[in-house]
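Protein chains: 2
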Amino acid sequence: MIKHFIAGGLSLLSLAVQAQQTDKQVFEKIFDETMLHGEAYDNLHDLCKNIGHRLAGSPQADMAVRWSYELMQSYDLDSVWLQEVMVPHWVRGAKEYGEVINFGQVNMLALGGSIATPKEGITEQVIEVKDFDELKALGAEKIKGKIVFYNHIFPQNVVNSFDGYGEAGPYRWRGASEASKLGAKAVIIRSVGSAHDDFAHTGSTGFADGVKKVPCAALSAVDADFLHDALIKEPSLKFKMVMNCEMLDSVKSYNVIAQITGTQFPNEIIVVGGHLDSWDVGEGAHDDGSGCTQSLEVLRTLKAINVQPKRTIRCIFYMNEENGNMGGKTYGAYAKGTNKEKHIAALESDAGGFSPRGFNVDTTFLSHPKFDELVELMSFYGAYKFEVGHGGTDIGPLEGAGTKLFGLSPDSQRYMDLHHTENDTFDKVNKRELHMGASVMGMLCWWLSEYGVK
Amino acid sequence: MIKHFIAGGLSLLSLAVQAQQTDKQVFEKIFDETMLHGEAYDNLHDLCKNIGHRLAGSPQADMAVRWSYELMQSYDLDSVWLQEVMVPHWVRGAKEYGEVINFGQVNMLALGGSIATPKEGITEQVIEVKDFDELKALGAEKIKGKIVFYNHIFPQNVVNSFDGYGEAGPYRWRGASEASKLGAKAVIIRSVGSAHDDFAHTGSTGFADGVKKVPCAALSAVDADFLHDALIKEPSLKFKMVMNCEMLDSVKSYNVIAQITGTQFPNEIIVVGGHLDSWDVGEGAHDDGSGCTQSLEVLRTLKAINVQPKRTIRCIFYMNEENGNMGGKTYGAYAKGTNKEKHIAALESDAGGFSPRGFNVDTTFLSHPKFDELVELMSFYGAYKFEVGHGGTDIGPLEGAGTKLFGLSPDSQRYMDLHHTENDTFDKVNKRELHMGASVMGMLCWWLSEYGVK
């Protein structure tokens with residue numbers, strides 16, 4: 255009996271070792287195929303250089319949808335389709351103008367969703383604050399009718415630059431709303447970014463219900479310092495801002511979707527995606543052309559090495575992550591509503607096409623019976639860090655469908671330098687880094703298709 | 255007795271925990287100081303833009319020595335001095351010229367140490383081989399009098415790009431020597447680099463004893479493909495190369511050295527360094543202005559936060575790593591010869607100023623009693639990977655003095671794109687990445703100064 259038991263134990267062990275060796279071999283095949291023949295980089299070049307930036311609702315976003323659909327069709331996948339999404343349509347209009355009166359012009363970029371100034375602009379005294387506490391301490395009396403200038407410096411003493419975004423981001427997200435509550439006429443912020451340069455960073459801002467919308471824009475870090483220094487010299491100086499942005503009617507757009515259908519569990523879906531839209535500056539290279547082209551590379555690679563996943567792997571290029579997330583919400587509602595498919599897992603790449611360092615995962619995934627094996631296999635490729643964390647904005651609504659969410663976690667140091675600026679261009683993407691990321695995404699998707707999420 | 259024993263155990267444990275908390279606090283201080291006030295990036299800018307590339311023996315190398323000495327003196331360290339080093343003095347001369355006859359001109363760069371062609375150049379038939387096996391199979395009969403073209407493609411399916419360098423590098427290091435043995439008149443190689451672009455990569459080549467030196471140069475990857483394609487169309491085509499390089503007499507130069515003297519064990523030395531010389535193209539930004547400015551930042555940071563190391567931390571800007579390593583050899587000989595100082599450890603940064611991912615270490619360091627604690631502390635900063643591996647070329651000769659060697663191991667994906675090219679310029683360096691690297695170097699140096707190498 256004891257003998258039998260040991261033998262049984264050994265044979266189970268030997269099966270487990272064998273399985274892991276097979277997994278290792280598939281991982282190697284995926285890596286070799288993506289690194290040697292990957293097309294994500296060339297596809298991203300095409301998207302960035304022949305279409306460029308592509309804010310939801312723009313003609314370029316339409317072009318990008320068509321481009322994506324044709325590209326997916328060219329890969330001979332099992333299905334390719336479009337999912338209709340109604341998206342907001344904000345336009346910047348003529349380039350904004352910012353000037354520190356008596357000192358000079360500055361690099362300024364309207365925040366996404368901002369309203370315009372009157373045609374002649376707003377020329378008003380500036381009240382500088384470094385944070386919300388200073389704003390509140392000043393109160394309505396000092397703020398009313400003025401331009402509030404949030405000069406909150408991006409904290410560099412963070413290991414992950416997304417933590418810096420977490421600290422400085424709120425001044426973009428709700429700074430205008432808070433200042434408007436106290437009667438501010440307009441708001442300018444120091445760009446939420448890690449580089450000290452001339453590029454202003456845009457991005458969404460929002461107003462709490464019932465709060466009057468006011469024009470809001472970001473200055474480059476260099477020009478935020480310029481304004482700060484000018485205010486020291488002349489505390490009552492005025493700032494002139496002219497902005498021409500406008501929210502038009504919502505328009506129809508699409509999520510673009512392709513899949514390899516699972517051989518054993520075709521109705522169990524693993525989503526892999528990024529967002530196709532970008533801000534209306536730069537080329538949306540890291541944010542998030544990278545994530546889209548990497549996600550499609552996952553399917554191309556599996557197809558090229560002739561690996562048939564047991565579960566369906568579905569690639570989604572989401573529309574409108576940047577200013578509304580209507581693509582994510584629309585797809586999430588579909589997934590929740592259908593009883594034909596079960597979305598077991600979703601992986602998003604939306605933190606830049608940099609060297610992969612791991613994945614953000616759902617808490618429950620840490621107790622997956624094969625979790626340690628996966629971490630060991632992935633560590634070889636430098637993707638060792640599996641931490642509980644954010645999956646991605648587009649896939650967020652899938653949580654309501656019971657889906658486990660995963661986010662590619664690349665090296666974060668450069669992302670916040672480029673994010674939402676004219677500087678987020680193709681030349682900032684490194685081919686090896688982009689393809690390394692795509693390869694570990696392919697490994698995770700295949701592994702999930704093999705073992706499920708338990 | 256049992257009670258006493260437990261109490262004793264607890265108090266030891268509590269001391270250990272306390273020590274670790276103190277280490278953690280020092281690490282945090284180092285991180286904050288380097289990330290918030292670090293000067294490595296600005297110093298590197300100054301070196302790259304106001305001096306530029308600086309091959310040993312060149313006027314720029316002299317300028318760099320003076321610049322370094324003055325910079326070190328400005329930091330109010332305990333000692334700053336120069337160590338005399340005799341260095342080889344190779345010069346490129348007038349820009350080389352390469353042409354595929356009937357097809358067009360190419361981007362070509364002489365390999366470091368190459369001899370010149372005759373004034374009128376060499377115009378000869380090209381024999382393309384992809385590796386040494388093909389060369390040998392052809393033999394002297396087919397090679398004699400011809401130009402050998404090594405077209406060995408950099409392998410992209412490596413996780414660490416230095417492994418690709420290990421595979422493709424030998425064609426640069428000894429390709430000319432092997433071809434010359436078979437009577438080749440000259441040698442051209444496909445650049446040893448990971449990017450497919452127009453930049454040719456230089457770097458040292460060597461000839462075995464008694465082998466006749468022949469002119470040798472590298473083509474950019476794009477032009478290696480161009481030549482390859484031309485050879486398919488016209489197998490007997492000729493290639494013209496004109497090179498004007500020359501080895502002059504050795505000249506006097508210097509290692510530039512500064513230190514903070516240890517409070518308890520001033521004669522136990524921890525070296526931290528990089529190399530000041532670079533190839534004679536680009537700006538030597540990642541290779542290795544980064545390593546120098548990071549090493550000096552270690553001292554600046556410790557001084558700024560007023561942490562007094564128990565052992566001496568000595569920063570060395572080595573001269574002549576690229577084509578002779580005379581700085582490393584000279585310092586190594588000093589360390590071996592002195593009985594006044596014991597060099598317990600040396601850390602080099604010469605793999606680029608990219609995001610740190612860990613350290614290469616000596617095998618024996620893995621059994622340091624506090625090794626696990628160190629790894630845990632460092633992991634927080636993303637430097638988790640402590641692997642047995644190469645410390646650095648400059649510090650290599652210290653092994654003879656019984657020194658434990660450490661090498662900063664940054665993310666490797668971009669290094670081989672830039673290495674030894676016109677493209678290794680300051681704009682390729684990211685401030686956060688450079689300073690992250692400097693901060694973990696500072697942590698390791700301080701920790702070694704506190705606990706020794708055991």
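Quick note, the sequences are listed as chains S and R, same order.
One gets our numbering by counting positions in the first sequence from 1 and adding 254 to each.
One gets our numbering by counting positions in the second sequence from 1 and adding 254 to each.
Every residue gets a Cβ at the ideal spot worked out from N, C-alpha and C, and that includes glycine.
Predicted, not measured: the structure shown is a model, and the values here were computed from it.
N- and C-terminal bounds of the beta strand (DSSP E) containing residue i
i: Q327(S); result: It is not in any beta strand (DSSP E) - Q327(S) instead sits in the alpha helix (DSSP H) that spans 313-328.
i: G612(S); result: 610-615
i: I567(S); result: 565-572
i: Y508(S); result: 500-514
i: N521(S); result: 519-529
i: F403(S); result: 401-404
i: V360(R); result: 358-360
i: Y585(S); result: It is not in any beta strand (DSSP E) - Y585(S) instead sits in the alpha helix (DSSP H) that spans 580-591.
i: V354(S); result: 351-354
DSSP state of residue i mapped onto helix, strand, coil
i: L601(R); result: strand
i: A478(R); result: helix
i: S448(R); result: coil
i: P651(R); result: helix
i: T377(R); result: strand
i: M497(S); result: coil
i: K283(S); result: helix
i: P424(R); result: helix
i: S666(R); result: coil
i: L485(S); result: helix
i: T295(S); result: Note that residue 295(S) corresponds to Tyr in the displayed sequence, not to Thr. Helix, per DSSP.
i: L473(R); result: strand
i: W701(R); result: helix
i: Q337(R); result: strand
i: Y419(R); result: helix
i: E382(S); result: strand
i: M255(R); result: Residue placement at M255(R) is poorly supported in this model, since its pLDDT is 37, which falls under 50; the coordinates still yield a value, given next. M255(R): coil per DSSP, three-state reduction.
i: G636(S); result: coil
i: I443(S); result: strand
Assigned exposure category for residue i - 16 Cβ within 10 Å defines buried
i: K487(R); result: exposed
i: L502(S); result: exposed
i: T592(S); result: exposed
i: S703(R); result: buried
i: W335(R); result: exposed
i: Q410(R); result: buried
i: V280(S); result: buried
i: F259(R); result: Per-residue confidence for F259(R) stands at a pLDDT of 40, beneath the threshold of 50, marking its modelled position as unreliable; the derived number appears in the next sentence. Flag for F259(R) reads exposed.
i: F634(R); result: exposed
i: L264(S); result: Unreliable positioning characterises L264(S) in this predicted model, as indicated by a pLDDT of 49, which lies under 50. A coordinate reading is not provided.
i: M695(R); result: buried
i: G347(S); result: exposed
i: Q667(S); result: buried
i: M690(R); result: buried
i: E432(R); result: buried
Nearest residue (CA-CA) to residue i, options the options
i: H307(R); options: H674(R), V707(R), R686(R); result: H674(R)
i: Y508(R); options: G706(R), Y572(R), G612(R); result: Y572(R)
i: G292(S); options: S549(S), P424(S), D385(S); result: S549(S)
i: D542(R); options: K278(R), T276(R), Y295(R); result: Y295(R)
i: M632(R); options: K658(R), K594(R), G366(R), A692(R); result: A692(R)
i: N498(R); options: S504(R), S474(R), A605(R), L363(R); result: L363(R)
i: T647(S); options: A315(S), K283(S), A605(S), M289(S); result: A605(S)
i: F680(S); options: T288(S), V535(S), N356(S), Y425(S); result: V535(S)
i: I369(S); options: E353(S), N361(S), G586(S), H343(S); result: H343(S)
i: M574(S); options: E338(S), V402(S), K590(S), F285(S); result: A small correction: the amino acid at residue 574(S) is Asn; Met does not occupy that position in the sequence shown. Taking only the C-alpha atoms, the option nearest N574(S) is E338(S).
First through last residue of the alpha helix (DSSP H) which encompasses residue i
i: Q548(S); result: 544-558
i: G646(R); result: Counting along the chain, G646(R) falls outside any alpha helix (DSSP H), and DSSP gives it neither H nor E.
i: G429(S); result: 429-435
Using a Cβ distance threshold of 8 Å, determine whether the region 492-501 of chain R contacts the region 376-392 of chain R, with at least three qualifying pairs required.
yes
Looking at C-beta atoms only, is the number of pairs between the region 380-395 of chain S and the region 410-421 of chain S that lie closer than 8 Å three or more?
no
Given 8 Å, three or more beta-carbon pairs between the region 594-609 of chain R and the region 523-534 of chain R:
yes
The region 550-564 of chain R contacting the region 614-622 of chain R, beta-carbon criterion three pairs below 8 Å
no
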